[in-house]
Every structure is written in structure tokens, then in C-alpha cells.
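Presented below is the structure to which this report refers.
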Amino acid sequence: MALYSEKVMDHFLHPRNVGVIEDADAVGEVGNAKCGDIMKMYLKIRDGIVVDVKFETFGCGSAIASSSMATEMIKGKPLSEVRKLTNQAVTEALDGLPAHKIHCSVLAEEAIHSALEDYERRQAGAETT
Amino acid sequence: MKIYADHAATTAMSEAAIEAMTRCMREEYGNPSSLYRLGQQAKEVLEKAREEIASVIHADPREIYFTSGGSEADNQAIRSAALAGKRKGKTHIVSTAFEHHAVLHTLAQLKTEGFEVTLLDVHENGIVRPEEVEAAIRPDTCLVTVMYANNEIGTIQPIREIGAVCRARQVPFHTDAVQAAGPLAIDVQAENIDYLSASAHKFHGPKGVGFLYARKGVPLSPLINGGAQERNRRAGTENLPGIVGMAAALKETVAERDAETARLTVLRDRLIAGLSEIPHSALNGDAKKRLPGNVSFCFEGIEGESLLLLLDEKGISASSGSACTSGSLDPSHVLLAIGRVHDVAHGSLRLTLGRENTPEDVEYIIASVKDVVAYLRSFSPVWRDLQSGKLKFIL
């Protein structure tokens, strides 16, 4: 019996899309160090599609695994679909999380939504200038 | 490579204890309360174990009460002193901010029953000051309870000095010695200890058994009511195999204590020196006044649970005081009590060495922790902000 599912451990031990996109079109950051979880997502968007995504996470195993899984779920997807990503979908894709770790999947959802808001702000800014 | 470095959590059973327990279960299965030979044989075994344990801490056998472990002993000692105090109108208790939850939660419960609790500062080095204990004692203080050695940061408290203060002020003194009994030489007479809690599985004995030392004449009321076992202070048929295993394990631990203390201190100091090479890290608690096997660190920019999982992948069993390992949103109350801020306390690691660990283990642990900390920092947004100057380093 392990603390986490095999899926969670796979994404924790071999996280996908780790890193930074220097010229990202959108950046989202949520959480705080006081609570022990911070997630940062970098998106590259072309023609309404997330063509690349990277993440950085300070947090526990399930926070890292949730970030990794979330990036996989949105990579190559149109923004309309990315907007609909929920923490439940991330949790399910990970074959479940312990009850007290569900907030990690919520953080992943929030990080992506925060990045999308940043993108919209940038788009609005570009239009007005 | 498999390295067990969590001896403060529990320890592997001693072969001598397993043998003693097996014999007890096979041959001495009688009930110590029965009058026929088989029962009296069990009674003899029980009393021999009591004598052996008593002699280790310089107590009288009649001052040893067997319990289900350290938590029960803590509960019983504190509740007994509180109950006796309340009868005399004394409802103030002095303790510390970094006690085990068996003590802190019992005190929290007593607060709801009208008691007042003063929790003393344990300072940056994790050591209580006897003069502050003295200053906290009031005419209505019915108990002082200070742990012998801390379970997370391993700091050893000035028990003899605190005992002297309590004796002079005539206040009962309890110490949770769960981490200390075994590794440290304890003398309840010289140290003026009135109540002491201990647990067998911390010194290579079985789980689910411990003992409470209660000085002759101090109040002691039962938590569990029933038969007349343990001189009416703890009902229920004695866990004889557990008690026998505890006595055997303690005897063995004491026999090898001096050599083991010297050996572990060298390993501990090497481990501290090795981990100190990691930038922006800090040892928790006093460097010298700590248990011979205890090493506790904080690493800035990373979180403890992911550190533990990656060390587990490398075969190392360790522990952390991060929120994610405690099942709450707050990191360890012990780390907060010594002044570590939340951000740093989340990145803590406790390594507790013991009997099976070798110098090779220590070198492997140092190399592994260095690798894992560097790896986790490589994609930590906190570390990035610290590096860029957006956040200020604390350590």
C-alpha cells in the first residue's frame, strides 16, 4: 500500500513539462510559500491553441504530480477546452488523490485559469495600444 | 540500498526482545492474577521485568506502572496531577510550546475544564531555561511538565535543573522521556523527577507498551478502571509479552549505551557537517545538546514531503515537519516554536540514526539529500525568486 496511486508517483518522479518559457504569452502563479504550495504555469499560445506549456512547483508530491498532469491535459488544446479544465478532471486523470491532497489539484486548475486571465489581460492591452 | 533513518519514529525490534517475548507467549501465558503455578509464574516474570526497568532509572519497582505506551503514560501523569491540584484549588500548569501532542492535547483538554496553562518559550536553540520555569511557577501551579528530549529536533532539556526548581517550589514534575529513555542515562532520584513517561518501541522493544514512573506518594489516579492490576492504577490484564520484550530491549540498550552514544555522535556530527554544505540550509536546535542520533534541517526553497518521497525512492526512510506530512495546513509546531517561519519550516528534514546505521549510510544520505534538494530547487518558483532577489533568503 502506497501513499499515492501509481499515476501520481509516475508524474511526481518523472514530471512532464518542467521548466520555464522565457517568452511565454501567459504566466499564472497561485499559492503561497506560507501554506507550502506554489505553482507557476507558463503558456505559449498560437491561434487560440496552447502550443507549449511549462511549470514550476514548490510543494508536495501531489502538487508536483497535479502540475505535471494538468500541463499534459492542456498541451495542444484550444483555449475553449483549456478553460473548462477542472480539478476533478486532474484528480481523475491521476487515478485519485488522498482527501487531504485534493487542494493540490485545485491549485493546478487555478494556476491554469490564472495564466488564462493573464493572457486575456495581455490581449486586451495589445488591442488598446 | 535500504537505509532506515527514522529511529525517532520507531525502531527495529531487538532479537533479544523477540526471543523473550516468544518464550513468554509459549510458556508464560498464565494470567499474573491467577493463583495457580502457571499464573504465579507469569506474575514472577512480570515483577522481574518491573525490577529491571526500575533499576535502569534508579526507581523502586513499586514506582513503575505498565501502560499501553508513552501517550497513555503522559495522559495519566498529567491528569493525575491536575485532578489532585484541582482538589486543592490549584489549576495552573507549566509546560513548553514544543511538547509532544500527547502532552499538548491533554493540556488543551484540561483548559476546557478550567485549567490555565503556561507554555514556556523554547528559544532558538530548542532548550527550555530553568530560570523561566521558576519564574512561571505560581502558588496555584499543580504541575510542571517538560519533555526530556524533543522528538523532532532532539534537543536535550536541563531536566536536573528543572527538577531542582520544582522540588524547591514543591511542585510535581513530569517529563515525557519517550525519546530519551534508552539513549540517555536517566536518574529519577538525582534529577528530582516525579513522573516519567517512556515507550518500548523507541528503544527496540515492541509497540503498544510503555511505562509510567510515578514517585512514591505522588497522586496517581487510573485512566482505565476495572481490576486491581498495577496496584489499582491501571486495570486490565497485563500485556506480559510486551512488558517482557520492553525489559529485554531496555536491558540491551543500556548495556551498549556508552559505546553506541560515542559511535552515533560521530555519525551525527558528520551528517550535520555534510548537510551544512547545502547552501541556504540550517540545523534545527542546539548542535551539541541533542540526542546522539538526531539531525534536523531546514532547506530553503523546497517542500518536505516531496523531499521525503524522493529519498524513499533512493531507499532512505526519513521524516519531515512539513504541513503536507502532518496532514494539516501548518508545519510542525516544534519548528514554529524555535522561530522557524512557515516558508522555511515546510522544507524540513529529520534524520534519526540508530543501531543499524553505518558511516557508509551517512555518506550515502549526504550525497542523496544534496542531489534531491538541488533537483527540487531546479523547478521551485520560490527558489527562482530567491535567486533573482525577488524574495529575500531567510537561511
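Line by line, the protein sequences are chains E and D. End of the first sequence sits at 129 in our numbering; the numbers just go up one at a time, nothing left out. End of the second sequence sits at 524 in our numbering; the numbers just go up one at a time, nothing left out. The C-beta atom is built at its ideal place from N, Cα and C for all residues, glycine as well. Bear in mind that the values here come from a model prediction, so they are computed numbers and not experimental data.
Handout entry: Identity of the residue in E:8, E:14, E:15, E:25 nearest residue 115 of chain E by Cα
Key = E:25
Exercise for the section: Could you give the DSSP three-state label for residue 31 of chain E: helix, strand or coil? Expected result: strand
Problem - Rounded C-alpha distance that separates residue 307 of chain D from residue 323 of chain D - result: 15 angstroms
Problem - Partner residues on chain E for residue 513 of chain D, Cβ-Cβ distance less than 7 angstroms - result: 56
Problem - Minimum Cβ-Cβ distance from residue 508 of chain D to chain E less than 9 angstroms - result: yes
Handout entry: Span of the alpha helix (DSSP H), counted from its first residue to its last, around residue 235 of chain D
Key = Taken as a continuous stretch (DSSP letters only), the alpha helix (DSSP H) holding residue 235 of chain D covers 230 to 241.
Handout entry: CA-to-CA distance, residue 334 of chain D to residue 449 of chain D, given in whole angstroms
Key = 24 angstroms
Problem - Beta-bridge pairing of residue 135 of chain D - partner residues as DSSP gives them - result: Listed as beta-bridge partners of residue 135 of chain D by DSSP are D:481.
Problem - CB of residue 481 of chain D within 9 angstroms of CB of residue 149 of chain D, strictly - result: no
Handout entry: 8 angstroms Cβ shell around residue 266 of chain D - same chain, five flanking residues per side excluded
Key = 223, 273, 294, 295, 298, 300
Handout entry: Closer than 8 angstroms at the beta carbon, the chain E residues around residue 269 of chain D
Key = Within chain E, no residue comes near residue 269 of chain D; the closest Cβ sits about 38 angstroms away, beyond 8 angstroms.
Handout entry: Rounded distance between the beta-carbons of residue 105 of chain E and residue 87 of chain E, thought under 8 angstroms
Key = The beta-carbon separation of residue 87 of chain E and residue 105 of chain E, rounded to 4 angstroms, stays under the 8 angstroms limit for a contact.
Handout entry: Assumed close pair residue 413 of chain D, residue 467 of chain D - CB separation to whole angstroms, cut-off 8 angstroms
Key = Rounded, the Cβ-Cβ distance is 6 angstroms, consistent with contact.
Exercise for the section: Out of E:34, E:17, E:7, state which residue places its alpha-carbon closest to the alpha-carbon of residue 473 of chain D. Expected result: Comparing Cα positions, the closest option is E:34.
Handout entry: Contact residues within the stretch 433 to 455 of chain D, judged by C-beta distance below 7 angstroms to chain E
Key = Result list: 434, 435, 438, 442, 451, 452, 453.
Problem - Extent of the continuous beta strand (DSSP E) run through residue 273 of chain D - result: 270 to 274
Handout entry: Of the listed residues D:211, D:363, D:288, D:460, nearest to residue 309 of chain D (C-alpha basis)
Key = D:288
Exercise for the section: Return the chain-ordered list of same chain residues with a C-beta closer than 6 angstroms to the C-beta of residue 285 of chain D, the five sequence neighbours on each side being excluded. Expected result: 278, 418
Handout entry: Simplified DSSP state of residue 462 of chain D, which is helix, strand or coil
Key = helix
Problem - Given residue 195 of chain D as reference, the closest of D:311, D:338, D:158, D:351 once Cα atoms are compared - result: Comparing Cα-Cα distances from residue 195 of chain D to each of D:311, D:338, D:158, D:351, the minimum goes to D:338.
Handout entry: Interface positions of the stretch 32 to 53 of chain E facing chain D (Cβ-Cβ less than 7 angstroms), listed along the chain
Key = 33, 34, 35, 36, 38, 40
Problem - Whole alpha helix (DSSP H) elements within the stretch 254 to 338 of chain D, 4-residue minimum - result: List check, alpha helix (DSSP H) in window: 259 to 265, 288 to 298.
Practice task
Assess, as a yes-or-no matter, whether the stretch 361 to 377 of chain D is touched by the stretch 150 to 160 of chain D under the definition of 3 or more beta carbon pairs within less than 8 angstroms.
Solution key: Pairwise C-beta distances place the stretch 150 to 160 of chain D in contact with the stretch 361 to 377 of chain D, as three or more of them are shorter than 8 angstroms.
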